[in-house]
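This is the structure in structure tokens:
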């Protein structure tokens with residue numbers, strides 16, 4: 001049975017979207033993947049889409065979602081280091097990744113964030129695989 005994982009940050013416009021993209025690409029056999037924000041935002045950051053595309057992850061259909069748009073019960077909740085207290089989301093496991101927001105930075109900042117998120121998603125996939133054996 002797949003684990004429901006949700007990646008949450010403030011606007012769901014960059015880091016949580018990248019995490020969703022990586023989790024869908026690398027962990028589709030173990031995860032049912034969601035991402036959301038605590039505040040609305042008009043679009044996914046174009047540089048986030050661009051750097052993920054460079055890495056072979058298509059996020060062209062992604063759009064910002066709110067917590068109310070995802071399931072109310074999640075197995076794994078990952079916050080991205082939003083510096084805000086996320087509302088209570090029922091989950092079995094919760095972790096904060098503390099990743100800096102590259103918004104307003106250079107494309108290299110976005111690439112660095114993309115690569116850190118990929119490593120963390122790979123580690124999360126391995127953790128779930130070990131747990132499910």
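Numbering (full-length UniProt numbering), first residue to last: 1 to 133.
Beta carbons are placed, not taken as given, at the ideal position from N, Cα and C, and that holds for glycine.
DSSP has residue i in a bridge; who is on the other side?
| i | result |
| --- | --- |
| residue 4 | 32 |
| residue 78 | 7 and 95 |
If I measure Cβ to Cβ from residue i and keep anything under 7 Å in the same chain, skipping five residues before and after, which residues do I get?
| i | result |
| --- | --- |
| residue 51 | 107, 110, 111 and 114 |
| residue 26 | 121, 122 and 125 |
Over the uninterrupted alpha helix (DSSP H) stretch that includes residue i, give me the two end residues.
| i | result |
| --- | --- |
| residue 67 | Run containing residue 67: none; DSSP gives neither H nor E here. |
| residue 73 | No alpha helix (DSSP H) contains residue 73, which DSSP labels as neither H nor E. |
| residue 90 | Element bounds for residue 90: n/a, residue is neither H nor E. |
| residue 19 | 15–27 |
| residue 50 | 46–54 |
Hey, residue i and residue j: beta-carbon distance below 8 Å or not?
| i | j | result |
| --- | --- | --- |
| residue 67 | residue 8 | yes |
| residue 34 | residue 90 | no |
| residue 19 | residue 121 | yes |
| residue 62 | residue 17 | yes |
| residue 15 | residue 80 | yes |
DSSP state of residue i, grouped into three classes?
| i | result |
| --- | --- |
| residue 99 | coil |
| residue 37 | strand |
| residue 115 | helix |
| residue 58 | coil |
| residue 122 | helix |
| residue 43 | coil |
Within the same chain, show all residues whose beta-carbon is closer than 6 Å to that of residue i, passing over the 5 residues directly before and after it, in chain order.
| i | result |
| --- | --- |
| residue 75 | 3, 4 and 92 |
| residue 13 | 41, 44, 45 and 64 |
For chain B, find out if any of its Cβ atoms is closer than 8 Å to the Cβ of residue i; answer yes or no.
| i | result |
| --- | --- |
| residue 3 | The structure shown has no chain B; it contains just one protein chain. |
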